[in-house]
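In this note's numbering, the protein residues as written are 183 to 344.
Backbone N, C-alpha and C fix where the C-beta goes; we use that ideal spot for every residue, glycine too.
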């Protein structure tokens with residue numbers, strides 16, 4: 183990630199909608215924002231929300247000193263539908279299909295993990311080294327655990343070496 187390690191993080195996380203109606207009660211955070219501070223001075227802002235109205239909206243934006251990259255897989259299918267009455271299913275987390283919606287025909291492919299599973303199976307069958315290993319996973323877990331620590335303390339926290 184960005185050519186160097188994350189050295190500290192800040193995170194705020196809340197449960198804004200604990201009552202999920204027919205789905206029961208949610209006891210984990212459903213809304214969070216975090217900042218990753220890298221060794222080279224780069225910063226990454228992460229936002230997530232499982233309670234935002236309007237459905238699933240996945241985006242990735244990268245801004246650098248010489249350019250930017252924006253990817254929006256949720257809306258990459260270029261399909262949009264307007265319905266005053268609404269219709270069946272559009273996309274995960276969409277609470278309504280009235281008005282403008284952006285259905286995802288190949289939702290399992292776009293939002294699932296078929297590429298990761300295929301890579302995993304290929305590594306096993308063909309005895310290949312995976313793109314990520316246990317050490318990389320440990321680094322990511324250390325970052326996530328430190329983000330939870332920051333959310334609890336309300337302070338910027340140093341990421342320990344795994």
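Subject >> DSSP three-state assignment for residue 317, whether helix, strand or coil >> reply: In the chain shown, the residue the question calls residue 317 occupies position 135. It is helical.
Original post:
What does residue 282 pair with, by DSSP beta-bridge criteria?
Top reply: The residue labelled residue 282 in the question sits at position 100 within the chain shown. 264, per the DSSP bridge assignment.
**OP:** Reducing DSSP to helix, strand and coil, say where residue 328 ends up.
**Re:** Looking up residue 328 in the chain shown gives position 146. Of the three classes helix, strand and coil, the one that applies to residue 328 here is helix, per DSSP.
**OP:** Tell me whether residue 209 sits in a helix, a strand or coil according to DSSP, three-state version.
**Re:** What you label residue 209 is simply residue 27 of the chain shown in a count that begins at 1. Coil.
**OP:** Output the boundary residues of the alpha helix (DSSP H) element that contains residue 338.
**Re:** For the purposes of this step, residue 338 is taken as the residue at position 156 of the chain shown. Run containing residue 338: none; DSSP gives neither H nor E here.
Original post:
Within this structure, are the beta carbons of residue 190 and residue 338 separated by less than 8 Å?
Top reply: The residue you call residue 190 lines up with position 8 of the chain shown. The residue you call residue 338 lines up with position 156 of the chain shown. Inclusion of residue 190 and residue 338 in the CB contact set at 8 Å is warranted, their separation being smaller than that value.
**OP:** Measure the C-alpha to C-alpha separation of residue 305 and residue 312 and round it to an integer number of angstroms.
**Re:** Taking the first residue of the chain shown as position 1, residue 305 is located at position 123. Taking the first residue of the chain shown as position 1, residue 312 is located at position 130. Approximately 6 Å, taken between the alpha carbons.
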